[in-house]
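First up is the structure itself, then whatever we jot down about it.
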Amino acid sequence: APVATSNGNGLASTNAADVDNKLCASSLDQGCQDYNLPVNDWAHSSLSVVVLGASGDLAKKKIFPALFALYYEGLLPPNVQFFGYARTKMTDVAFREMIAGTLTCRVNSRERCLEAQETFLQRCFYQAGSYDQQQGFISLNTRMSGQEASMPRANRIFFLSIPPNVFLDATGNAADCASSRTGWTRVIVEKPFGRDSDSSKELAEGLGRHLSEEQIYRIDHYLGKELIENLTVLRFSNSVFEPLWSRQHIRNVQVIFSENFGTEGRGGYFDRYGIIRDVIQNHLLQILALFAMEQPVSLDAEDIRSEKVKVLRSMKVVSAEDVVVGQYRAKGNLPAYLDDSTVPVGSLTETFAAVAMFIDNARWDGVPFLLKAGKALHKRYAEIRVQFRHVPGNLYRSKQGSNLDAHTNELVIRIQPKEAIYLKINNKVPGLGLRLDTSRLDLQYQSAFASNDLPDAYERLLLDVVNGDKRLFIRADELEAAWNLYTPLLHALEKNKVAPELYPYGSRGPVGAHYLAAKYGVRWGDLNEDDDE
Ligand SMILES: NC(=O)C1=CN([C@@H]2O[C@H](COP(=O)(O)OP(=O)(O)OC[C@H]3O[C@@H](n4cnc5c(N)ncnc54)[C@H](OP(=O)(O)O)[C@@H]3O)[C@@H](O)[C@H]2O)C=CC1
Ligand SMILES: O=C1O[C@H](COP(=O)(O)O)[C@@H](O)[C@H](O)[C@H]1O
């Protein structure tokens with residue numbers, strides 16, 4: 017059983033380290049070369065995790081709970097400490113109280129949870145300061161150095177959980193004043209990585225002035241979800257799937273994201289981006305790349321990411337004719353997007369979009385990949401649906417009725433909630449007559465793995481950063497390829513002031529999405545009510 021003290025050498029000495037905290041280091045990596053220690057030698061290294069924007073929503077909702085879960089499972093090095101940094105003034109005690117309310121333990125391993133929470137909180141510290149001035153970062157550096165003093169090497173992770181307008185200032189100051197001089201420094205960057213190709217390039221250049229590509233971890237938390245990590249396992253470790261994974265057998269692929277709540281509270285951020293930038297250009301496109309890429313040479317991060325870049329670069333730039341945008345309107349007492357006080361009056365920002373994409377390569381030529389994402393819809397779920405071709409010369413056509421689509425094989429990978437993989441097949445209804453019906457070969461995670469409490473995506477991704485594993489992070493050229501696919505469309509939508517089709521809060525989205533699918537002879541698979549469970 018995981019024990020609270022498994023990390024437990026106690027805190028490093030708080031005696032002030034002999035660090036010149038007035039001078040800012042000019043190079044992030046300089047310390048590493050001075051020490052002849054293996055990179056992750058935790059017997060001789062400490063780890064400090066700094067969350068910039070620690071007073072914010074993401075820090076409270078995801079980052080600190082994930083750090084605690086890793087700590088509780090004994091997956092972090094013995095000499096670990098956590099620092100919050102933001103402009104809000106707070107003492108360590110107030111900070112600990114703030115995050116204490118966010119920590120939870122896994123349903124099936126509550127053992128010594130409260131004790132673990134207590135020791136975790138004792139390792140949490142807070143430094144107030146601005147993002148665009150060095151002073152706060154100098155103080156942060158002093159405090160970190162104090163905690164790290166007993167170890168010859170100090171490794172540091174900075175998580176930029178701040179709005180994009182302060183990314184560069186914060187990175188520059190963290191790099192100059194608070195990067196490690198004795199170990200590695202890694203920086204986790206949250207999306208949005210720009211608004212289009214140009215702004216993304218600008219951001220990349222800005223980050224590049226302070227960090228090497230090796231130090232940058234661009235997070236897409238969908239890549240940390242269990243079923244997405246499993247996607248390549250499913251494809252490349254099962255001989256039954258790979259031969260079917262092409263235009264010869266697959267009629268279309270659908271990647272669907274649906275949320276049953278609106279932008280409540282995040283309208284200010286959301287309005288500048290819209291659902292295409294918020295979800296489709298990153299989360300859904302990443303899923304598509306993993307789904308469609310060729311088998312990588314190895315499981316090495318660079319091999320996987322090179323295959324993703326290759327398939328992204330084989331995709332056709334999204335055309336305005338292949339997109340439907342929508343915006344939710346009020347329904348009963350459920351508010352419209354435009355009722356959000358943080359949204360500008362008359363905003364045309366899309367809260368729903370459906371897109372048809374195509375991959376120009378031998379494997380996927382002509383296969384429509386339909387991506388759909390929306391807020392304020394009827395349910396929350398995310399899934400991949402693979403619809404296979406109709407059976408040629410079907411012997412049983414007369415037993416199945418005229419709706420061929422209803423009887424084609426469909427592989428559903430349900431990312432959330434209730435993670436599952438199932439294949440819809442035609443089967444004889446048991447009994448004397450000959451009647452066919454659709455049944456499922458069904459892998460429900462909850463029952464198959466007794467796992468009603470899977471690790472959160474941020475746990476997996478944070479652990480990967482600690483271990484220097486970049487498989488699940490976005491490489492610069494991947495990002496560039498992704499923006500190249502969507503930038504012309506995004507500019508066209510803005511330039512032409514395209515009015516989104518309104519759909520009622522709580523509905524299945526605008527009708528236009530059905531016409532888009534129908535244009536390619538496709539019916540959205542999530543319309544079947546019986547697929548809900
Ligand atoms: N929340 C979420 O679910 C997700 C968030 N993200 C991204 O993660 C990052 C953090 O998200 P989130 O926590 O929601 O963001 P918040 O808006 O809550 O901002 C985080 C912190 O940044 C500081 N801050 C806010 N606005 C400004 C400003 N204009 N100038 C300087 N500092 C500011 C505030 O701290 P203080 O005033 O104390 O300095 C705030 O607590 C963002 O880049 C966001 O886009 C990505 C995916 C999901
Ligand atoms: O990145 C984002 O993701 C969330 C949805 O994440 P999930 O893990 O809860 O599915 C979305 O609500 C948010 O708008 C977007 O920025």
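Going by UniProt numbering, the sequence shown opens with residue 17, and the numbers climb by one from there. Beta carbons: idealized from backbone N, C-alpha and C, even for Gly.
Which same chain residues, not among the five before or five after Lys326, have their C-beta less than 8 angstroms away from its C-beta?
Met309, Glu310
Among Ala372, Val361, Ser228, Gly100, whose alpha-carbon lies nearest the alpha-carbon of Gln270?
Ala372
Compare the Cα-Cα distances from Pro312 to each of Leu387, Gly162, Val249 and report the closest residue.
Val249
What's the gap between the Cα of Asp212 and the Cα of Phe286?
15 angstroms
What is the DSSP secondary structure of Cys140, counted as helix, strand or coil?
strand
Tell me whether the segment 169 to 180 and the segment 197 to 204 touch, counting them as touching only if at least three CB pairs, one residue from each stretch, are closer than 8 angstroms.
yes
What's the gap between the Cα of Leu243 and the Cα of Cys129?
The straight-line gap from Cα to Cα measures roughly 27 angstroms.
When DSSP builds the beta bridges, which residues end up paired with Gln264?
None; Gln264 has no bridge partner.
Just checking Arg396 against ligand 1 - is the residue's beta carbon closer than 7 angstroms to any of the ligand's heavy atoms?
no
Consult DSSP for Ser215 and reduce its assignment to one of helix, strand or coil.
helix
By the 10 Å Cβ neighbour count, where 16 or more other Cβ atoms means buried, how is Ser61 classified, buried or exposed?
So Ser61 counts as buried.
Would you say the beta carbon of Val339 comes nearer than 7 angstroms to a heavy atom of ligand 2?
In terms of side-chain proximity, the C-beta atom of Val339 is found no nearer than 7 angstroms to any non-hydrogen atom of ligand 2.
Rounded to the nearest angstrom, what separates Ile235 and Leu86 at their Cα positions?
Going from the Cα of Ile235 to the Cα of Leu86 covers about 18 angstroms.
Run the Cβ filter for me: residues under 5 angstroms from any heavy atom of ligand 1, listed in the order they occur in the chain.
One residue list follows from the rule of a beta carbon closer than 5 angstroms to any heavy atom of ligand 1, given in chain order as Gly69, Ser71, Gly72, Asp73, Leu74, Ala102, Arg103, Thr104, Ser177, Ile178, Pro179, Val182, Glu206.
Distance, Cα to Cα, Gln133 vs Lys434?
28 angstroms
Comparing C-alpha positions only, which one of Arg345, Ile303, Phe153, Glu510 sits nearest to Ile490?
Ile303
Excluding the 5 residues preceding and the 5 following Pro208 in the sequence, name in chain order all residues of the same chain whose CB lies nearer than 7 angstroms to its CB.
Pro180, Tyr289, Arg293
Among Leu495, Ile79, Ser322, which residue has its Cα nearest to the Cα of Ile115?
Ile79
Is it the case that the CB of Asp294 approaches a heavy atom of ligand 2 more closely than 7 angstroms?
yes
Go through its chain and collect everything with a Cβ distance to Phe258's Cβ below 7 angstroms, but skip five positions before and after it.
One detail in the question is off: residue 258 reads as Glu in this sequence, not Phe. For Glu258, same chain residues with a beta-carbon under 7 angstroms away, outside a window of 5 residues either side, are Arg251, Phe252 in chain order.
Exposed or buried, what is Arg396 when buried is set at 16 or more other beta-carbons lying within 10 Å of its beta-carbon?
The Cβ neighbour count for Arg396, taken over all protein chains shown within 10 Å, is under 16; the residue is labelled exposed.
Would you mind reading off the limits of the beta strand (DSSP E) that contains Glu517?
517 to 520
Does DSSP put Leu457 in a helix, in a strand, or in coil?
Reduced to three states, the DSSP call for Leu457 is strand.
Can you check the segment 69 to 150 for any beta strand (DSSP E) of at least 3 residues that lies completely inside it and give the ranges in chain order?
Scanning the segment 69 to 150 for uninterrupted beta strand (DSSP E) segments of 3 residues or longer gives 96 to 102, 140 to 144, listed from N- to C-terminal end.
Cutting at 8 angstroms between CB atoms, please list the residues of its own chain near Glu426, excluding the five before and the five after it.
So the qualifying residues of the chain are Arg401, Val402, Gln403, Phe404, Leu439, Lys440, Gly541.
Between Leu387 and Ile296, what straight-line distance do the alpha-carbon atoms span, to the nearest angstrom?
7 angstroms
Determine the contact status of Glu517 and Val340, defining contact as a CB-CB distance below 8 angstroms.
The answer is yes: Cβ separation under 8 angstroms.
According to the neighbour-count rule (16 or more other Cβ atoms, all chains shown, within 10 Å of its Cβ), is Gly278 buried or exposed?
buried
Do Asn189 and Phe153 come within 8 angstroms of each other at the CB atom, strictly closer than that value?
Yes, they are a contact pair.
Please classify Met373: does DSSP put it in a helix, a strand, or coil?
strand
Verify the contact flag: Gln432, CB atom, against every heavy atom of ligand 2, threshold strictly below 7 angstroms.
yes
So, helix, strand or coil for Phe209, using DSSP?
Annotated three-state conformation of Phe209 is coil, per DSSP.
Thinking C-alpha only, which one of Ser357, Tyr461, Lys415, Asp472 is nearest Gly449?
Lys415
Name the one or two DSSP bridge partners that Asn443 has.
Asp453
Could you give the C-beta distance for Tyr147 and Asp108, rounded to a whole number, given that I count them as a contact under 8 angstroms?
A Cβ-Cβ distance of about 20 angstroms is found for the pair Tyr147 and Asp108, leaving them out of contact under the 8 angstroms criterion.
I'd like the span of the alpha helix (DSSP H) that includes Glu494, first residue to last.
492 to 511
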